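Here is the structure we will look at, set down as structure tokens.
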Amino acid sequence: MQHFAHHDSLTGLPNRRLFKKQLRKAIDHQHADGSGFAVILMDIDYFKQINDELGHDVGDAVIEEFGKRLNRVIRHDDMAARLGGDEFVILLSNVTSVNEAVAIAKEIQHTIKKPWTILGKHLHVSSSMGVAMAPEKGATVFSMLKEADNALYEAKGAGRNAVKLR
Numbered sequence: 001m002q003h004f005a006h007h008d009s010l011t012g013l014p015n016r017r018l019f020k021k022q023l024r025k026a027i028d029h030q031h032a033d034g035s036g037f038a039v040i041l042m043d044i045d046y047f048k049q050i051n052d053e054l055g056h057d058v059g060d061a062v063i064e065e066f067g068k069r070l071n072r073v074i075r076h077d078d079m080a081a082r083l084g085g086d087e088f089v090i091l092l093s094n095v096t097s098v099n100e101a102v103a104i105a106k107e108i109q110h111t112i113k114k115p116w117t118i119l120g121k122h123l124h125v126s127s128s129m130g131v132a133m134a135p136e137k138g139a140t141v142f143s144m145l146k147e148a149d150n151a152l153y154e155a156k157g158a159g160r161n162a163v164k165l166r
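UniProt numbering applies: residue 1 is where the sequence shown begins, and numbers increase by one.
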């Protein structure tokens with residue numbers, strides 16, 4: 001029962017509640033030992049079009065596969081979660097630089113763009129990503145998610161399939 005309270009039923013990934021709990025821990029660790037971290041907020045480009053044109057079964061299968069691909073590409077100490085709909089987030093632990101966070105985001109993006117076959121349909125799926133680096137002091141759950149969301153908005157405005165940093 002505890003598992004279902006903290007994990008998404010479609011992807012099996014941690015849900016918003018568990019992600020926020022882990023993000024609070026990362027903030028506490030940063031305050032204690034100065035360890036850096038980042039948040040990558042992402043969504044599936046043109047997901048509504050996938051649902052509208054191919055149906056919700058295909059849409060659900062895309063979300064499920066997206067979650068699997070995230071889990072395969074993230075590092076051992078990182079955490080991928082589904083926030084809801086087509087919105088996902090990754091907590092990058094022990095990130096020491098902006099360049100490192102962006103390189104990880106681009107590697108994830110490359111994995112997402114590999115060919116998809118869902119329920120017999122060949123799809124091209126991409127993702128827009130917003131990266132927020134934790135400041136040295138003053139990070140909160142709200143501020144980290146807000147900065148990542150602002151960066152995601154910029155990525156979508158740049159034509160999608162982009163990584164933007166805040």
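Cβ coordinates follow ideal geometry from the N, Cα and C atoms, glycine included.
Quantities reported herein were computed from a predicted structural model and do not represent experimental measurements.
If I measure Cβ to Cβ from residue i and keep anything under 8 Å in the same chain, skipping five residues before and after, which residues do I get?
i   : result
V73 : E107, I108 and T111
E53 : none
Taking all protein chains shown into account, decide if residue i is buried (16 or more other Cβ within 10 angstroms of its Cβ) or exposed.
i    : result
K21  : exposed
S128 : buried
V98  : exposed
F142 : exposed
F66  : buried
G55  : exposed
G59  : buried
A134 : buried
Given a cut-off of 9 Å on the beta-carbon distance, is the pair residue i and residue j in contact?
i    : j    : result
L152 : L23  : no
V131 : R166 : yes
T11  : K48  : no
A105 : I44  : no
K113 : V125 : yes
L13  : N51  : no
K137 : H7   : no
A5   : R17  : yes
Quick one: Cα of residue i to Cα of residue j, how far?
i    : j    : result
A148 : K164 : 9 Å
N150 : I118 : 31 Å
H76  : D57  : 31 Å
E154 : D28  : 29 Å
F19  : M79  : 8 Å
G84  : A26  : 22 Å
H122 : P115 : 7 Å
E64  : Y46  : 16 Å
S9   : D86  : 14 Å
Apart from the five residues on each side of it in sequence, which residues of its chain come closer than 6 Å, Cβ to Cβ, to residue i?
i    : result
A61  : I118 and L119
M42  : F88, S127 and M129
R160 : D45 and S128
A139 : I27
In its own chain, which residues sit with a C-beta less than 7 Å from the C-beta of residue i, not counting the 5 before and 5 after it?
i    : result
A162 : S128 and A155
Is the segment 92–104 touching the segment 34–53, taking contact as three or more C-beta pairs under 8 Å? These segments touch.
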